[in-house]
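Some notes on the structure that comes next.
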Amino acid sequence: MAIRDTIDVSSFASTQLSLLDQELQCEIQETSSLISNHSPRALERAGQAITNLVVSSQRTGLGGKTVLELSPDTATSTSGDLPEHGIRTGDIVLVAEQPAGSAKKREVKDLEKKGVRGVVTKVQRSFVGVALDEDKDDAACFIARVWIVKLADEVTYRRMNQTMEKLQKMSEAEYSSFIRVLFGLSSPSPVPADLASDSDVGKIEWFDPILNDSQKDAIRFALASREVALIHGPPGTGKTHTLIELILQMIKRGQKVLVCGPSNISVDNIVERLSPRKVPIVRLGHPARLLPSVLNHSLDVLTKTSEAGAIVKDVRAEMDAKQASIKKTKSGKERRAIYADLKDLRKEYRERERKCVTHLVGGSKVVLATLHGAGGSQLRHAQFDVVVIDEASQALEAQCWVPLLSAKKVVCAGDHLQLPPTIKSLNSKAGSNLKTKGDADGAKMIKGLTLETTLFDRLLALHGPSIKRMLTTQYRMHESIMRFPSNELYESKLIAADAVKARLLRELEYGVEDGEDTTEPIVFIDTQGGDFPEKNEDDGDSDYSKKKGKSSLYGDSKCNEMEAALVRLHVTSLVEAGVRPEDIAVVTPYNAQLAVLAPLKERFPGIELGSVDGFQGREKEAVIVSLVRSNPNGEVGFLGEKRRLNVAMTRPKRSLTVIGDSETVKRGSAFLKKWMEFLEDNADLRYPDLSTVTAGG
1 MAIRDTIDVS
11 SFASTQLSLL
21 DQELQCEIQE
31 TSSLISNHSP
41 RALERAGQAI
51 TNLVVSSQRT
61 GLGGKTVLEL
71 SPDTATSTSG
81 DLPEHGIRTG
91 DIVLVAEQPA
101 GSAKKREVKD
111 LEKKGVRGVV
121 TKVQRSFVGV
131 ALDEDKDDAA
141 CFIARVWIVK
151 LADEVTYRRM
161 NQTMEKLQKM
171 SEAEYSSFIR
181 VLFGLSSPSP
191 VPADLASDSD
201 VGKIEWFDPI
211 LNDSQKDAIR
221 FALASREVAL
231 IHGPPGTGKT
241 HTLIELILQM
251 IKRGQKVLVC
261 GPSNISVDNI
271 VERLSPRKVP
281 IVRLGHPARL
291 LPSVLNHSLD
301 VLTKTSEAGA
311 IVKDVRAEMD
321 AKQASIKKTK
331 SGKERRAIYA
341 DLKDLRKEYR
351 ERERKCVTHL
361 VGGSKVVLAT
371 LHGAGGSQLR
381 HAQFDVVVID
391 EASQALEAQC
401 WVPLLSAKKV
411 VCAGDHLQLP
421 PTIKSLNSKA
431 GSNLKTKGDA
441 DGAKMIKGLT
451 LETTLFDRLL
461 ALHGPSIKRM
471 LTTQYRMHES
481 IMRFPSNELY
491 ESKLIAADAV
501 KARLLRELEY
511 GVEDGEDTTE
521 PIVFIDTQGG
531 DFPEKNEDDG
541 DSDYSKKKGK
551 SSLYGDSKCN
561 EMEAALVRLH
571 VTSLVEAGVR
581 PEDIAVVTPY
591 NAQLAVLAPL
601 KERFPGIELG
611 SVDGFQGREK
621 EAVIVSLVRS
631 NPNGEVGFLG
641 EKRRLNVAMT
651 RPKRSLTVIG
661 DSETVKRGSA
671 FLKKWMEFLE
681 DNADLRYPDL
691 STVTAGG
C-alpha cells in the first residue's frame with residue numbers, strides 16, 4: 001500500500017510541544033482573568049466554581065494524600081444538595097477560604113497563598129471530594145466557609161510534554177516497527193481480505209451472541225491487524241459494546257490490554273460493562289462515579305481490600321487517626337508535631353503502597369486509565385500487547401502518546417465526523433509562526449498541524465480507509481432523524497435497527513398523549529422573516545447582556561430571546577402531553593443562549609440544558625435544538641461547522657425539534673443549505689406566530 005506522507009518524528013514532537021505550550025498559557029491566562037474579574041457567585045453560575053462549602057470530613061486517600069469532603073454550608077443550603085455547577089472528577093481546583101462578597105479583585109497567586117490546590121476525586125449531589133496536594137497540610141484544616149474554583153490542568157500538560165520530549169529525543173534506531181507505522185515510515189502489515197473465513201479470526205466464539213455483522217467485522221479486523229486498527233463508530237452504533245467484546249477476545253488470546261480514554265467518564269463506562277464479566281481488571285486514577293462496579297476495581301479500593309492491600313492498611317489507619325487528632329488540638333506546637341509524624345508516615349505509606357500497586361497491576365489482564373493517567377508512576381515499567389483508545393477522535397494526539405510509548409499495537413475507536421477536542425488557543429492553527437526550544441536544535445515545525453488534528457484523523461489521512469472499519473447499524477435514532485447525517489456524512493451506510501427505526505414519543509412506556517408534537521419524529525419551527533432576531537453581547541437591552549455585566553463569562557457569544565420563548569412553548573407542550581422533563585434536552589451552540597434558557601430548569605426540574613459541544617456522547621428521547629442565528633447578512637459563525645451540527649442532530653431517540661431561521665442558516669454553507677432543504681421536505685414544518693409567542697413565552 002502506498003504511504004501518503006511520512007512525518008519526521010522529531011519535527012512532529014517539536015511542533016506538538018509548541019502547540020501545547022500555547023494552549024496551556026491560554027488556559028492559565030483565561031483562568032486568571034476569570035478569577036480576577038468575577039465574584040465567586042458569578043464563577044459558580046458559569047460552572048467554574050462552587051461556593052458556600054464547609055469541610056464535612058477528612059481522610060487519607062490514595063498516595064497518602066489528604067482527601068477533604070466539602071458539603072454545602074447548612075446556613076445557606078436548605079436541601080443539603082450542591083447547586084448546579086460545572087466541576088468534574090479529575091478537575092484541578094483551588095480550595096480556599098471564601099472571600100466576602102465585597103472583596104476586591106482576587107489574583108490567582110493571592111488565592112493560592114491562602115488556599116491549596118487539589119484534584120477532584122468524587123462528585124456527588126451532596127458533596128465534592130478533593131485530594132489535596134502534598135506538603136500543604138496547614139491548609140487542610142479549614143475552619144471558615146470555603147469555595148473551590150477550577151484551575152488550568154497543568155499536570156496533564158506536564159505528562160504530554162514529557163512524552164513529546166521523549167519522542168523528540170529518540171534516534172531513528174530506537175523507533176519500533178509500531179512507531180514507524182504510526183508516522184508513515186512503514187506500511188501497516190496487510191490484513192486478509194476475507195476475515196470471516198480466515199484461519200485465525202474467522203471462527204470466533206462470541207461472548208455476546210447478538211453482535212451485528214459490522215461489529216463482528218470490526219472486531220475480526222482489530223484482532224487481525226498487527227500495528228493499528230481504527231473502529232469508526234457513528235452515533236448510536238454500539239461502539240463501546242463492540243470494544244467490550246474486542247477486549248474479551250484479546251484476553252482470551254492471552255494478551256495484556258491497556259484501555260484508555262480522554263475522560264474519566266469514557267473509561268468508567270467501559271469498567272461498568274467489563275466488571276460483570278469477572279476478568280481481573282484494575283482502574284487507575286479516581287473513579288468518576290460511585291457505582292460499586294467501578295469502585296470495586298479502583299486502585300483506591302483494591303489497596304484496602306485485596307490481600308496485597310493488607311500491607312498498607314495499618315499505616316493508613318494510623319494516618320487517619322493523626323488526621324482526626326489535628327481537629328482536636330488548638331496548640332500550634334502539637335499540631336506541628338502531628339504534621340511531622342504525618343510526613344514520616346506518608347513516606348512509609350507510599351513505599352508500601354507502591355509495592356502493592358505493582359502487584360495489583362501485574363496480576364491484572366486489563367488495566368484502565370485516562371490517557372494522561374497512563375503516565376503515572378503505577379505504569380512506569382509496564383508493557384502492554386495492545387492499547388485500546390476509546391473516544392480517540394476527542395483526544396489530543398499528544399495525550400494518546402502517553403500510553404502508546406509502552407505498546408506494540410493500538411486500536412482507536414471514535415468518530416472523526418463529530419467534534420474534535422476543544423482548543424482554546426486562537427493561534428493554534430498558525431503553524432508557521434511557532435517558536436520553541438526545538439527551533440534552536442534545528443527541528444522543523446510542521447505547517448498546518450494543529451491540536452485539533454487527532455491521532456484518528458492523522459492515521460486515516462496517512463494510511464487511508466484500509467486501516468478502518470465502520471459500524472453501520474445504529475440503535476438510537478428514528479429512521480427519519482438518522483437519514484440526513486447518514487446520507488451527507490456516513491456515505492448512506494447507516495441502517496436503523498428494527499427496534500428503533502419507527503419509535504415515537506407517543507409510544508413511551510409511561511403513557512404519552514397522541515398529538516402533533518408526539519407523533520412526528522422531526523419538527524422544524526422556521527422563524528424566517530426577521531421577527532426573531534439574534535442579539536450579541538454588545539446589545540445592552542437583552543436580558544443576557546444585563547446578567548452578563550461588563551466582562552463576559554461567555555465570550556463573544558450570541559443569544560436569541562424570542563427563539564428561547566419558542567423553546568419554552570415547545571417544552572411546555574411536550575410536558576403537558578405527558579413527556580417527562582428528564583427525557584427532554586435543549587441544546588444550543590451558544591453559551592449565551594443557555595444563560596437565557598436557564599429559567600427552564602426551575603420551571604421543569606429534570607430537564608437538561610447543554611451546549612452542543614458538551615452534549616456529545618449523550619442521548620435523550622426528545623431533543624430541541626436552538627440554532628440562535630437570525631440576521632440579514634446570513635452570518636452563522638461556528639454554526640457552519642458540520643461536525644457540530646452532526647452532534648446536534650444525532651442526540652435524539654424519538655423526536656428532534658429544530659428551531660431556527662432558514663433564510664439566515666441556509667446562506668451559511670452548502671451543508672447548511674442541504675440541511676434546511678431536508679428539513680423543509682421531511683419535517684413537520686411550522687411557522688410561528690409572533691403574537692402567540694409574545695403572549696405565551
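Note that UniProt numbering has the sequence shown beginning at 1, numbered continuously upward. Backbone N, C-alpha and C define an ideal beta-carbon position, used for all residues, glycine too. Just so we're clear, the structure is a prediction, and the values are computed from it rather than from any experiment.
{"Query": "Close beta carbons around Met562, own chain, < 6 Å, minus the five adjacent residues each side", "Result": "Phe532"}
{"Query": "Whole-Å CB distance - Thr156 paired with Leu405, under 8 Å assumed", "Result": "The pair is not a contact, with the Cβ atoms about 16 Å apart (cut-off 8 Å)."}
{"Query": "Three-state class that DSSP yields for Pro420 in the structure shown", "Result": "coil"}
{"Query": "Through-space distance from Tyr349 to Cys356, alpha-carbon basis", "Result": "10 Å"}
{"Query": "Length at least 4, wholly inside the stretch 609 to 697: the alpha helix (DSSP H) runs in chain order", "Result": "642 to 649, 662 to 665, 670 to 682, 690 to 696"}
{"Query": "Inter-residue Cα distance where the pair is Arg88 and Asp200", "Result": "43 Å"}
{"Query": "Segment contact, 8 Å Cβ cut-off, at least three pairs: the stretch 567 to 578 with the stretch 510 to 528", "Result": "yes"}
{"Query": "Cut-off 6 Å between Cβ atoms - residues of its own chain near Glu680, not counting five sequence neighbours on either side", "Result": "none"}
{"Query": "Cβ-based burial, Arg283 [other Cβ within 10 Å; buried from 16]", "Result": "buried"}
{"Query": "For Gly261, the three-state DSSP class (helix, strand or coil)", "Result": "strand"}
{"Query": "Stretch pair the stretch 475 to 489 + the stretch 229 to 249: three plus CB contacts closer than 8 Å", "Result": "yes"}
{"Query": "Sub-7 Å separation of Val586 and Val567 beta-carbons", "Result": "yes"}
{"Query": "Chain D within 7 Å of Met482, Cβ atoms only", "Result": "Note that chain D does not occur in the displayed structure, where there is just one protein chain."}
{"Query": "Run of the beta strand (DSSP E) containing Gln58, from where it starts to where it stops", "Result": "49 to 60"}
{"Query": "Complete alpha helix (DSSP H) runs within the stretch 436 to 499 (minimum length 4 residues, chain order)", "Result": "437 to 440, 455 to 463, 479 to 489"}
{"Query": "CA-to-CA distance, Tyr339 to residue 707, given in whole angstroms", "Result": "Coverage of the chain is limited to positions 1 through 697, which leaves residue 707 absent and any answer about it impossible."}
{"Query": "CA-to-CA distance, Ala131 to Ala96, given in whole angstroms", "Result": "14 Å"}
{"Query": "Bounding residues of the alpha helix (DSSP H) (the contiguous stretch that carries Glu27)", "Result": "9 to 37"}
{"Query": "Integer Cβ distance of Ile522 from Leu656, believed to fall under 8 Å", "Result": "5 Å"}
{"Query": "Coil, strand or helix - Arg158 by DSSP", "Result": "helix"}
{"Query": "Alpha-carbon spacing of Pro287 relative to Ala496, whole angstroms", "Result": "Caution applies to Pro287, whose pLDDT of 46 falls short of 50 and renders its modelled position unreliable; the model cannot decide the point."}
{"Query": "Rounded C-alpha distance that separates Ser662 from Phe604", "Result": "29 Å"}
{"Query": "Stretch pair the stretch 396 to 413 + the stretch 176 to 191: three plus CB contacts closer than 8 Å", "Result": "yes"}
{"Query": "Closest Cα partner of Leu70 within the set Gly414, Cys412, Val665, Trp147", "Result": "Trp147"}
{"Query": "Three or more C-beta pairs below 8 Å linking the stretch 243 to 251 and the stretch 202 to 211", "Result": "yes"}
{"Query": "Element boundaries [beta strand (DSSP E), containing Ser71]", "Result": "66 to 72"}
{"Query": "Whole-angstrom distance between Ala592 and Leu43, CA atom to CA atom", "Result": "15 Å"}
{"Query": "Rounded C-alpha distance that separates Ala430 from Gly448", "Result": "Note on Ala430: pLDDT 38, under 50, position unreliable in the model; the coordinate value appears next. Taking the straight line joining both Cα atoms gives about 7 Å."}
{"Query": "Ala152 in three-state terms, based on DSSP", "Result": "coil"}
{"Query": "Buried/exposed call for Tyr687, threshold 16 Cβ in 10 Å", "Result": "exposed"}
{"Query": "N- and C-terminal bounds of the beta strand (DSSP E) containing Asp526", "Result": "522 to 526"}
{"Query": "Val567 CB to nearest heavy atom of the ligand FMN below 6 Å", "Result": "By its list of ligands, the structure shown contains no ligand whatsoever, and the ligand FMN lies outside what it can speak to."}
{"Query": "Continuous beta strand (DSSP E) stretch holding Gly362: start and end", "Result": "Taken as a continuous stretch (DSSP letters only), Gly362 belongs to no beta strand (DSSP E), being part of the alpha helix (DSSP H) at 332 to 362."}
{"Query": "Where Asn633 falls, given that 16 or more other Cβ within 10 Å makes a residue buried", "Result": "exposed"}
{"Query": "Residues near His297 by beta carbon distance below 7 Å, same chain, minus five either side", "Result": "Val271, Ser275, Ile281, Val282, Arg283"}
{"Query": "Cβ-Cβ distance between Arg483 and Arg654 below 7 Å", "Result": "no"}
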